[in-house]
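Asker: The sequence shown maps to residues 85 to 381 in my numbering.
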Amino acid sequence: MKATEDGRNAAHDYIELIHQELTDTNVSVIFGQLFIQMGKYIIAQKYFLDLLEYSKDYDDNDRDLLSIRYHLALTYSYQYDLIHAENLLKEIYKYYKINDINLARIENGLGWIYHHNGELDEAMKHYQAAFNLASKQLELNHLINAQTCSLLGDCYLEKYDFDQAEIFNKKALDIERLRLPINHPRIGVTLNDIGDVYRKRKQMQIALDYYEQAESIFHQSLPKYHPYKAYCWSCMAFVYLYNEKIEQAQEYHEKALKIYRHVLPSDHINIKISEKNSQCTDFQKINDAYIKVCSQV
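1. Under three-state DSSP, which class holds Ile182?
2. Which same chain residues, not among the five before or five after Ile185, have their C-beta less than 6 Å away from its C-beta?
3. Assign Asp383 to buried or exposed, taking buried as 16 or more other Cβ atoms, counted over all protein chains shown, within 10 Å of its Cβ.
4. Can you name the start and end residues of the alpha helix (DSSP H) that Ala123 belongs to?
5. Give the straight-line distance between the Cα atoms of Arg189 and Ile114, rounded to the nearest whole angstrom.
6. Is Asp247 helix, strand or coil when you go by DSSP?
7. Please report how far the alpha carbon of Thr159 lies from the alpha carbon of Cys316, in whole angstroms.
8. Would Met208 and Cys233 qualify as a contact pair, given that the criterion is a beta-carbon distance under 7 Å?
9. What does a CB cutoff of less than 6 Å around Ala314 pick up in its chain, not counting 5 residues either side in sequence?
10. Please report how far the alpha carbon of Phe215 lies from the alpha carbon of Lys369, in whole angstroms.
11. So for Ile357, helix, strand or coil by DSSP?
12. Can the beta-carbon of Glu260 be found closer than 7 Å to that of Ala298?
13. Spatial neighbours of Ile278 within its chain, please: CB distance less than 6 Å, with the 5 preceding and 5 following residues excluded, ordered by chain position.
14. Asp146: buried (16+ other C-beta within 10 angstroms of its C-beta) or exposed?
15. In the structure shown, what three-state DSSP assignment does His396 receive?
16. Gln368 lies in the alpha helix (DSSP H); which residues open and close that run?
17. Mind checking which residues open and close the alpha helix (DSSP H) that includes Arg285?
18. So for Asp141, helix, strand or coil by DSSP?
19. Tell me whether Asp238 sits in a helix, a strand or coil according to DSSP, three-state version.
20. Could you work out which residue in Asp165, Lys376 and Leu156 is closest to Gln129 when comparing CA atoms only?
21. Would you mind listing the beta strand (DSSP E) stretches within the stretch 148-192 that are 3+ residues and don't spill past its ends, in chain order?
22. Who are the near neighbours of Leu257 in its chain, counting only those whose CB is closer than 6 Å to its CB and skipping five residues on each side?
23. With H, G and I counted as helix, E and B as strand and the rest as coil, what does DSSP make of Lys342?
24. Is the distance from the Cβ of Gly193 to the Cβ of Tyr211 below 7 Å?
25. When the Cα of Lys356 is compared with those of Phe367, Lys140 and Ala373, which residue comes out closest?
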């Protein structure tokens, strides 16, 4: 990211936000979170691996070390290395006390992995465990609950329970609008998720309205190459293709593909899917199995 005044201000605001939500988070970890927030997953992974090496003399249950391992697991999961991610999350789970709020994040992380392995019922168990943990210790409008609601919404969408998907995503949006700056990318992600619900219902104009709101936020708050932008454009392309605007659909798929190729490993499933979709002219033949990489606090 360019070291512009805007960039420095964005970084400062993000660090302040994390400190508000997680007062015990090490600044070194927050700096790595910035790489994840920027969609720089490969750089973030190297950063956390380096931190892990520097922290090798720490006790296994040191909170900073556990946080480093957790965020390293996220970098693996976003690159679709689900086995490494799952092993790391299960490894650190045992070091937290039973009521530690960080267990909610680990439960959400494990749920995300099961979700993307197609094990939706198992994913729901972990998301519900996260919600139960957080509800006992935190106010209902805490960002952890927004994260859990978003993940539950995605899971209900996969189950074709569109009403529940809409309810949980809108709960997440209410919390995020209360706790985050108006143009924070996480609000854009949730708007995009709500758009997905309407798209699956074939309410395409409403879906497009939500995608355009998300696109506007991403344009204002994210670097040029970011996977959130790519996924948003992929979704907009689906709407254009449904409306038989083939050239516009292909244009948006190409824009998305350019970003996927720039920020993801060359063998990432999103690149393969996007390559296929950029050539597709029949809405009935689209591939809608993108991995939604979503930064977690």
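Think of the CB as a built atom: it goes at the ideal place given N, C-alpha and C, for glycine as much as any other residue.
Answerer: From the atom records:
1. Position 98 of the sequence shown, counting from 1, holds the residue named residue 182. Ile182: coil per DSSP, three-state reduction.
2. Start at 1 with the first residue of the sequence shown, and residue 185 comes out as number 101. Annotation for Ile185: Gln221 place their beta carbon closer than 6 Å to its own, counting only its chain and skipping 5 residues before and after.
3. This structure gives no information on residue 383, because the portion of the chain shown stretches from 85 to 381.
4. Mapped onto the sequence shown, residue 123 falls at position 39. The sequence as given places Gly at residue 123; Ala does not occur at that position. For Gly123, no alpha helix (DSSP H) segment is defined, and its DSSP state is neither H nor E.
5. One-based indexing of the sequence shown puts residue 189 at position 105. One-based indexing of the sequence shown puts residue 114 at position 30. The alpha-carbon of Arg189 is positioned some 15 Å away from that of Ile114.
6. Residue numbering aside, residue 247 sits at position 163 when the sequence shown is read from its first letter. Looking at Asp247 - three-state DSSP - the assignment turns out to be helix.
7. Here residue 159 is taken as the residue at index 75 of the sequence shown, counted from 1. Here residue 316 is taken as the residue at index 232 of the sequence shown, counted from 1. Thr159 and Cys316: Cα-Cα distance of roughly 21 Å.
8. Here residue 208 is taken as the residue at index 124 of the sequence shown, counted from 1. Here residue 233 is taken as the residue at index 149 of the sequence shown, counted from 1. The beta carbons of Met208 and Cys233 sit no closer together than 7 Å.
9. Stepping through the sequence shown from its first residue, residue 314 is reached at position 230. Excluding positions up to five away in sequence, the list reads Ala340, Ile343 and Tyr344.
10. Within the sequence shown, the letter at position 131 stands for residue 215. Within the sequence shown, the letter at position 285 stands for residue 369. The alpha-carbon atoms of Phe215 and Lys369 are separated by roughly 37 Å.
11. Taking the sequence shown and counting its residues from 1, the one referred to as residue 357 is at position 273. The DSSP-derived three-state label of Ile357 is helix.
12. Against the sequence shown, residue 260 aligns to sequence position 176. Against the sequence shown, residue 298 aligns to sequence position 214. Not closer than 7 Å, so no.
13. Residue numbering aside, residue 278 sits at position 194 when the sequence shown is read from its first letter. Here the set comprises Asn253 and Tyr294.
14. Reading the sequence shown from its first residue, position 62 is the one you call residue 146. Asp146 comes out exposed.
15. This structure gives no information on residue 396, because the portion of the chain shown stretches from 85 to 381.
16. Position 284 of the sequence shown, counted from the first residue, corresponds to residue 368. Gln368: not part of any alpha helix (DSSP H); DSSP gives it neither H nor E.
17. Numbered from 1 along the sequence shown, position 201 holds the residue referred to as residue 285. Counting along the chain, Arg285 falls outside any alpha helix (DSSP H), and DSSP gives it neither H nor E.
18. The sequence position of residue 141 within the sequence shown is 57, counting from 1. In the structure shown, Asp141 sits in coil (DSSP, three-state: anything other than H, G, I, E or B).
19. Sequence index remark: in the sequence shown, residue 238 carries index 154 (1-based). Of the three classes helix, strand and coil, the one that applies to Asp238 here is helix, per DSSP.
20. For the purposes of this step, residue 129 is taken as the residue at position 45 of the sequence shown. Closest option to Gln129, Cα to Cα, is Leu156.
21. As for any beta strand (DSSP E) of minimum length 3 sitting wholly inside the stretch 148-192, there is none.
22. Counting from one through the sequence shown, the residue named residue 257 turns up at place 173. Counting only Cβ-Cβ distances below 6 Å, and skipping sequence neighbours, we find Thr274.
23. Residue 342 sits at position 258 when you count from the first residue of the sequence shown. It is helical.
24. The residue given as residue 193 occupies position 109 in the sequence shown. The residue given as residue 211 occupies position 127 in the sequence shown. No, they are not a contact pair.
25. Taking the first residue of the sequence shown as 1, we reach residue 356 at position 272. Ranking Phe367, Lys140 and Ala373 by Cα distance to Lys356 puts Ala373 first.
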